[in-house]
Each structure stands twice: as C-alpha cells, then as structure tokens.
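Peer 1: If you number the sequence shown the way my numbering does, the last residue is 1327 and the count never jumps. Handing you a structure now.
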Amino acid sequence: MPTTGKTRATGKVARTTSRSAKPPARTAALTPRAGGGSGGGQGVGRPATAAPPSPARPEKRQRWVMAVALLVLLFFAGRLVYVQVVIGPKLAASAEATRTQSHVTLAHRGDITDADGVVLATSIDRYTVSADQETIPNFVPSKRHTIDGKAVEETGAVGLAKLLAPILDRSAPELAAELSGTNGRVNRNVVLAKGVVPEVQRQIAELGVSAYISTRLTTTRTYPAGTTAGNIIGYMGEGESTENMVGRGGIEAAYDDLLTGTPGSESFQRAGGAGGVRIPGSTQETVEAVPGSSVALTLVRDIGWKAQDAVDKAVAETGADYAIAVVQDVKTQEVLALADSGAIDPNDRSDARVADGSRAVKDVFAPGSTGKVITMAAAIEEGLATPATQYEVNDRYTTANGETFKDSHPHDMERMTLAGILAQSSNTGTVMVGQDIPKQQREDYLRKFGFGSKTGLGLPGESAGILDSAKNWDGRTEYAVLFGQGLAVNAVQATSVFSTIANGGVRVAPTLLKGTTGPDGVFVPAPERETTQVVSESTADQVLHMMEAVVEEGSGTEAAIGGYRIAGKTGTAEEVGAGGGLTDIMASFIGVAPADDPQYTVAVFLKNPRTNIFGGMVAAPVFKDLMSFTLQNRNVSPSSVVEAPYPTTW
678 MPTTGKTRAT GKVARTTSRS AKPPARTAAL TPRAGGGSGG GQGVGRPATA APPSPARPEK
738 RQRWVMAVAL LVLLFFAGRL VYVQVVIGPK LAASAEATRT QSHVTLAHRG DITDADGVVL
798 ATSIDRYTVS ADQETIPNFV PSKRHTIDGK AVEETGAVGL AKLLAPILDR SAPELAAELS
858 GTNGRVNRNV VLAKGVVPEV QRQIAELGVS AYISTRLTTT RTYPAGTTAG NIIGYMGEGE
918 STENMVGRGG IEAAYDDLLT GTPGSESFQR AGGAGGVRIP GSTQETVEAV PGSSVALTLV
978 RDIGWKAQDA VDKAVAETGA DYAIAVVQDV KTQEVLALAD SGAIDPNDRS DARVADGSRA
1038 VKDVFAPGST GKVITMAAAI EEGLATPATQ YEVNDRYTTA NGETFKDSHP HDMERMTLAG
1098 ILAQSSNTGT VMVGQDIPKQ QREDYLRKFG FGSKTGLGLP GESAGILDSA KNWDGRTEYA
1158 VLFGQGLAVN AVQATSVFST IANGGVRVAP TLLKGTTGPD GVFVPAPERE TTQVVSESTA
1218 DQVLHMMEAV VEEGSGTEAA IGGYRIAGKT GTAEEVGAGG GLTDIMASFI GVAPADDPQY
1278 TVAVFLKNPR TNIFGGMVAA PVFKDLMSFT LQNRNVSPSS VVEAPYPTTW
C-alpha cells in the first residue's frame, strides 16, 4: 500500500539518520563517489581510497626560524649589555688610567724669621731633571732642534744628549751613555741633575721633549743669615723618602709641624700612555698645595750676630775650649740671642756640627757663684737677713756637721754685710747666711727659679740639668748648693734666674717663639706662658740693688758700662774633668741693664779659659761688649736715676 511504502521509506531514512551519528571516517567510507551510479543513492558505491598526507604548514617553519633568530639576537644583546654595562666602565677606566698621569705638587715650607721680620731660613724653587730610557730610542729631532744654528740630525740618546749637554753643562758623550740603558735594562726615571735653577728648567721645557726628559719642581732650604743663630736654626734632612724633607735639628725640627705645608696634586692625560706627550688642556683634577706657616722667633739677627762675634773672639783671646752667650728680654723673658763659639753655617751640610745643636741648652755645668743670688734672695724672702745684715767672715768656715769650706783666696777676718758677701763673692760668707735656710727650702727655691726642669724652649737635645732631691744630699752637697756647686744647669737656666730677679721676682718661662703666620696671612702670637712669683718684688729689688755693688766695687768691675747702672754677678765654678777630679773651670758673668729700669739680661760663659780662670776677668769684658751693643741696638736710654749703694762693710 502506498501508505505503507512511505512508512518504510521513512523508517530507512530514520535509521540512516541514526547511523549518521557515527564517526565521520566511517560515514566518509560509505559515501558514494561523485557521479557513480544512476540509482540516485539507492545503491552502495565502491569503497573510497586513503587520502595522501598533507604537507607541513609554512607558519610552523617560520616560527622555528624566528625562535632561533631571537635566541641569537638575545645572545648578542646580552654580550652588548655585558660589555657596555658590566665590563665597559672597567675597560674605559683602564684605558683612561693608562693615559692618565698624576704628580704631587710641593707645598712651600714656611719661612723662619727673627723678631723684626728678617728672614733666617727660606725655601727657593729648584728642579730635578730625569730621563725615561724606555722612550728615548723613539726620539726624533724636529726642525726647531738646533745647536748654534745647525740642525740636530741624530736620533735617540745621542740626539737628546746633544741638545741637553750645553744646558746642563755636561759632556754630550757622557750624557748619551747615561741616557741609554745598561745591558738592555732601562730605567724610566734616571736622575740627570738635581738643584737645577728655574732658568735651566725653562730651557729644557722649550726643547719640547717632555716624553723623554722630565723636570720636577723641588725646593732647597737656604739660610741667609749664615752663621748667625746657625747653632739653633737647625737644618733639613730626608724623611721617609728622598722627596720628603723634614727638619732635622734646632728650630727646623722643633716647629716642623707648623713649617710643613700640605702637598697638592695634579692629574692629566698623555697621548699614547705614560710615555707620551701631555695632552694640552687635559688636566682632570687639581688639588692646590697649602703652604706651611712661617715662624717668627724672638731672636734679633743683629744681636745674634754680635753675640756670635763676641764668643768667637773670647775663645781666641782666652784659649777657652768654648764660649756661650745668652741675651734675654727681662720683662718678656724672650731669648734675643743664643750663641755658641765656633761658627756653624746651616748652609754647609758638610759640617757635621750642624747636627749637634746648641751648647746653650745641651751642655750643663755648675752655676758657681752666680748661684749665690738665689741664696741671698731666699734669705731675704724668709726674713733671715737684709742687705745690711752684718757678718764676720773668715776665709775658711766649718759647718756643724764638720764640712769645711774656703774662699777663692786667703784673707783675714772681714766685717761684711750681706751685700758685701755677694759683692766679694765669698763662699764662706754665703754658707754662713744659707745654713739657716732649711734643706728642703733650699731645694724649693732652686726649683722655683727653674733649676732641674727644662726651660720650655723646645730645642732638640735640651737638658733639664741636674738637681737631686734634698733628702739625697750628702753632708757637703747640702751646703755646696748654696754657692752654686753640687748641681748642674744649662746656660739659659742660669740666665733666667737674673731675668727673674730683674723682673720683680716674676719668672716667665723662656721662649724662642714670637708667633706664626698661617697661609691666610694672619699672624698668631705665641701662647701665653706660665709665670711664677718666685720671690716678692721687694726682695727682688733688694737683690738687684745688691748686685750693683758687684760691678761698682766687687768682683765684676770689668763689666761696668759708662752711663748705665749695671747689676751682675761673677762666677767661677769647678767642673769634673776627664780624669774624674774637679779640674775643669766654667768662668761666667751674668748681668742686667739698666739696673734702674731693667731691660735686658746678658750672660757669658767660658769653658776652661787659659789666660785667667775668674769670671770677673775673662767673662765680664765680653758681657760689657755684648750688653753695650744690645742697649744701643734697642735704643735704651742711659740711666737717669742715681741710688746710693748698700754698704758692703761695717
């Protein structure tokens, strides 16, 4: 039936549709070939053959190529970053370091001047000329390299030697040998000349051979005053290196830190590295050197010259081993002159004595009778005596402990006042006066006047002297110290006692420093010094007036200066000689002028004078000469006040 047939057909279609849900491969296999059969899909066609494999896609290949290219690009980018960022700065710095050179620029050492600004020590520019044997073979003369109008044709060491020889005043063949290496070995810094003056350095610079020959600025220390103060100015010597000169004695050493400046530096570039020519305008960094401070001393050159002349003449006239002179300002107690016999010129480094320092602070000796001034001051200060106190004095005196002392010459019993004992320099009379001063007080007064301690001048090698504790004194020393034996002092210590008496009993620590002037040009005075009221002004005035009698009628008449009141004291001290006995002599005179208005103290010491051993005979005339010059040089008016002297006898 028609209806039934449709129903079946529909059922097939339904089944077919249901099978179509199977995998596509199977469906494809059942699909009839195109154009096959005329049944219109009612019959089953031949099975389909397998399709051939499809070729690789181009996009995939491109991705691989791009990946590889990217990796290569990343590698080179990484290397570029490494070179530019990581090691680039190091390479650049290394290259720059190869081109960059630097040198130290010297700092000018400060001057040393006297109190009036006269230069005693200064530095002058000099140059050291050096050669680089490694670069010298590369030297080729230019058109400007001529000698007497003729062009220099030789190259290397021979050519350079021809140019340099007339400038350095050297033999060309000798210089050529020095410019060449030895046995194939080269030195990049062969010193050809030292201490070259600026004019010679300029001539070398004009040759334009800085790649082969260098000139380095140095300084030379010079001492315009020569032997004046040569014993205390000192000298310069090598420090940690040959380029580092330091003070090696005297003021140069004492104030080296002040005088020494701070070196500077300059860096620049050379074409072709260290051996090349400096590139103009290539200075990279400059640190300016800071000059040292100048030191102004209390010394006065003219007085120092006179002091030097005076002690040298004294040695020549008396045959003494040596002589010392000290000049001191009474009120400030600044040292104006410090002279040792035997002129020492710090410009002459071949003289070994330049390193010895000054005897005025190094050598010590018994003050002798000049020390009696301290005993007199102590006796008056303690109320034990006055200048007019009366004594019966014999030429011998035995103390309670059995020690016997005697005067320098025999005499009968004499009726002396305290002033007379000092005027006649009586040892026995001084012991009689001082024996009532307790032992500890004797030591105390000696120390208050500066004995047993360094003066504070700061000179290298200064001795503090010898002053034992009173508790260690033996039975003789306890009395010997009363007249300047049994202890030892230097010349400045002994001089300072008289300046203290003349200054109203006020001791001011001696000094050589007036002040300093820094790189800024500002003068800074020396620091305030310690002062001590050793004895009262009244006591000091009485002792000073007592010392006038020494010059007027006592042992020091050779020290008198017309128109001026002079107060002073002679000294003749026994010293231990080479054999161990008291065979040596230190003759001295220390005085103050004008006594009515004390300004200056002058001290003179002679070791082992042959013509006469007494200070009043050999030292007093030298004092007179030096003090007269000092008063005139400093424009000190003659004395105008007359005062009756203390009685010396009764």
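The beta-carbon is built from N, C-alpha and C at its ideal position, and this holds for glycine as well.
Gly1233 and Ala1321: beta carbons closer than 8 Å?
Peer 2: Not a contact, by the Cβ cut-off of 8 Å.
Peer 1: Specify the secondary structure class of Ala828 as computed by DSSP and reduced to three states.
Peer 2: Reduced to three states, the DSSP call for Ala828 is strand.
Peer 1: Taking all protein chains shown into account, decide if Pro1204 is buried (16 or more other Cβ within 10 angstroms of its Cβ) or exposed.
Peer 2: Answer is exposed; the Cβ neighbour count stays below 16.
Peer 1: Do you know offhand how far Glu965's Cα is from Pro940's?
Peer 2: Taking the straight line joining both Cα atoms gives about 8 Å.
Peer 1: Tell me the DSSP secondary structure of Phe1200 in three-state form.
Peer 2: Correct three-state label for Phe1200: strand.
Peer 1: Please state whether DSSP places Arg1153 in a helix, a strand or coil.
Peer 2: Here Arg1153 sits in coil by DSSP.
Peer 1: If Val667 sits next to Ala1014, beta carbons under 8 Å apart, how far is it from one beta carbon to the other, in whole angstroms?
Peer 2: Outside the displayed range of the chain (678 to 1327) lies residue 667, so it cannot be described from this structure.
Peer 1: Buried or exposed, going by whether 16 or more other CB atoms sit within 10 Å of the CB of His1086?
Peer 2: So His1086 ends up on the exposed side.
Peer 1: Would you decide whether Gly1198 is buried or exposed? Buried here means 16 or more other CB atoms lie within 10 Å of its CB.
Peer 2: So Gly1198 ends up on the exposed side.
Peer 1: Using only alpha-carbon positions, find the residue among Ala1179, Gly1248 and Phe1300 that is nearest to Pro1275.
Peer 2: Out of Ala1179, Gly1248 and Phe1300, Ala1179 has the C-alpha closest to the C-alpha of Pro1275.
Peer 1: Return yes when the Cβ of Val1281 is within less than 8 Å of the Cβ of Ser1305, no when it is not.
Peer 2: Cβ atoms of Ser1305 and Val1281: not closer than 8 Å.
Peer 1: Under three-state DSSP, which class holds Val1227?
Peer 2: Note: Val1227 maps to helix in three-state DSSP.
Peer 1: Which residue from Ile928, Glu929 and Gly914 puts its Cα closest to that of Met922?
Peer 2: Checking every option, the nearest Cα to that of Met922 belongs to Gly914.
Peer 1: Taking 8 Å as the cut-off, decide whether the C-beta atoms of Ala1056 and Gly1111 are in contact.
Peer 2: In this structure, Gly1111 lies closer than 8 Å to Ala1056 by Cβ.
Peer 1: Our contact map puts Gly1161 next to Ala1043 with C-beta atoms below 8 Å; I'd like the distance itself, whole angstroms only.
Peer 2: Contact holds; Cβ gap of about 6 Å.
Peer 1: Are the Cβ atoms of Ala870 and Val781 separated by less than 8 Å?
Peer 2: Result no, Cβ atoms of Ala870 and Val781 do not sit closer than 8 Å.
Peer 1: Thr904 and Ile1021: beta carbons closer than 8 Å?
Peer 2: Yes, Cβ-Cβ distance for Thr904 and Ile1021 is below 8 Å.
Peer 1: Per DSSP, what kind of secondary structure is Ile884 in: helix, strand or coil?
Peer 2: Sequence inspection shows Leu at residue 884; the Ile mentioned does not correspond to that position. Leu884 falls in the coil class under three-state DSSP.
Peer 1: Within the continuous beta strand (DSSP E) that includes Gly1245, where are the two ends?
Peer 2: That run of the beta strand (DSSP E) goes Ala1244 to Glu1252.
Peer 1: Starting from the C-beta of Leu1136, find all residues in its chain whose C-beta is less than 7 Å away, skip the five residues before and the five after it, and write them out in chain order.
Peer 2: Hits under 7 Å: Ile909, Gly927, Ala931, Gly1034, Ser1035 and Val1038.
Peer 1: Spatial neighbours of Glu1080 within its chain, please: CB distance less than 8 Å, with the 5 preceding and 5 following residues excluded, ordered by chain position.
Peer 2: These residues qualify, in order along the chain: Gly1152, Arg1153 and Tyr1156.
Peer 1: Nearest to Ser1314 by CA position, among Thr1325, Ile1238, His1222 and Gln1010, is which residue?
Peer 2: Here the closest residue by C-alpha is Ile1238.
Peer 1: Quick one: grab the DSSP three-state call for Arg786.
Peer 2: In this structure, Arg786 counts as coil in the three-state DSSP scheme.
Peer 1: Using 8 Å as the threshold, is the region 788–805 in touch with the region 975–989, meaning 3 or more CB pairs across them?
Peer 2: Cβ pair count under 8 Å is three or more, so yes.
Peer 1: Let me check one thing: in DSSP terms, what residues is Met1263 bridge-paired to?
Peer 2: Answer is Ala1250 and Lys1284.
Peer 1: Nearest CA to the CA of Leu1159: which residue from Gly1045, Val742 and Leu841?
Peer 2: The shortest Cα separation from Leu1159 among Gly1045, Val742 and Leu841 belongs to Gly1045.
Peer 1: Do Ile1262 and Asn1285 have their C-beta atoms closer together than 8 Å?
Peer 2: Their beta carbons are under 8 Å apart, which means Ile1262 touches Asn1285 by this criterion.
Peer 1: Whose C-beta lies closer than 8 Å to the C-beta of Lys1083 among residues of the same chain, with five residues either side of it excluded?
Peer 2: Around Lys1083: Asp1072, Arg1073, Tyr1074, Asn1104 and Thr1105.
Peer 1: So, helix, strand or coil for Val1012, using DSSP?
Peer 2: Looking at Val1012 - three-state DSSP - the assignment turns out to be strand.
Peer 1: In the DSSP assignment, what are the bridge partners of Ser942?
Peer 2: DSSP output for Ser942 lists Val781 and Val964 as bridge partner(s).
Peer 1: Is Leu974 closer than 8 Å to Ala834 when the C-beta atoms are compared?
Peer 2: No, the pair does not count as a contact, with Cβ atoms beyond the cut-off.
Peer 1: Could you tell me how far apart the beta carbons of Ala1016 and Gln1067 are, in whole angstroms, since I believe they sit closer than 8 Å?
Peer 2: The Cβ separation is near 41 Å, so there is no contact.
Peer 1: Please go through the same chain and pick out, in chain order, the residues whose beta-carbon is closer than 6 Å to the beta-carbon of Thr1209, but skip the five residues on each side of it.
Peer 2: Arg1184.
Peer 1: Under 8 Å by Cβ, that's how I've got Glu831 and Val863 pegged, so tell me the actual separation to the nearest angstrom.
Peer 2: Their Cβ separation, rounded to whole angstroms, is 19 Å, which puts Glu831 and Val863 out of contact at 8 Å.
Peer 1: Mapping the DSSP letters down to three states, classify Arg898 as helix, strand or coil.
Peer 2: Looking at Arg898 - three-state DSSP - the assignment turns out to be strand.
Peer 1: For the region 1074–1137, which segments carrying the beta strand (DSSP E) assignment without a break, of at least 3 residues, lie completely within its bounds, in sequence order?
Peer 2: Entirely contained in the region 1074–1137, the beta strand (DSSP E) runs reaching 3 residues are, in chain order, 1081–1083 and 1091–1094.
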